[in-house]
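**Q** Numbering (this note's numbering), first residue to last: 476 to 590. Where is the CB? At the ideal position from N, CA and C, for every residue including glycine. These figures come from a predicted structure and were not determined experimentally.
(1) Is residue 544 helix, strand or coil when you go by DSSP?
(2) For residue 547, tell me which candidate among 491, 580, 533 has the shortest Cα-Cα distance.
(3) Straight-line CA distance for residue 481 to residue 589?
(4) Leaving out the 5 sequence neighbours to the left and right, which residues in its chain are closer than 7 Å to residue 564 when beta-carbon positions are compared?
(5) Considering Cα atoms alone, identify which of 503, 498, 575 is closest to residue 550.
(6) Work out the CA separation of residue 544 and residue 528 for me, nearest whole Å.
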C-alpha cells in the first residue's frame, strides 16, 4: 500500500492519519495478515520499524570496505568475525546491524524509492 500511494500523500517519512486509516482498511480487505487486526496505529508503528531497518541496511550497503548483498547481507565468515564486530560497533554504531551479518533484507530495493 505504501509503495503504491506514498507519492500522493507524503514524503516517505510523514503520512497523515487519513493515510494510516486507509492503510489499515487496505490490510483488512486483503488476505488475512498474521496477528491481530491491523489498525492505523499498528500500520504506523510497523512503518516506523521498517524505516529504522532501512536506515541500518542503507548505511551498511553504502559503507566503504564492506561488500553488502541484499540477499546474503555482509556475508561474514569466521575469519571476518572480529572485523565485523569492530566495524558495526565503531563505524555503524548500531547493534541492530548484527542481524545483517549473513542475511540480507529483501525489502530494501522496494523501499528505496519511498524513504
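**A** Judging by the given coordinates:
(1) strand
(2) The candidate whose alpha carbon is nearest that of residue 547 is 580.
(3) Between residue 481 and residue 589, the C-alpha separation is close to 7 Å.
(4) Contacts found: none.
(5) 575
(6) In this structure, the alpha-carbon of residue 528 lies about 15 Å from that of residue 544.
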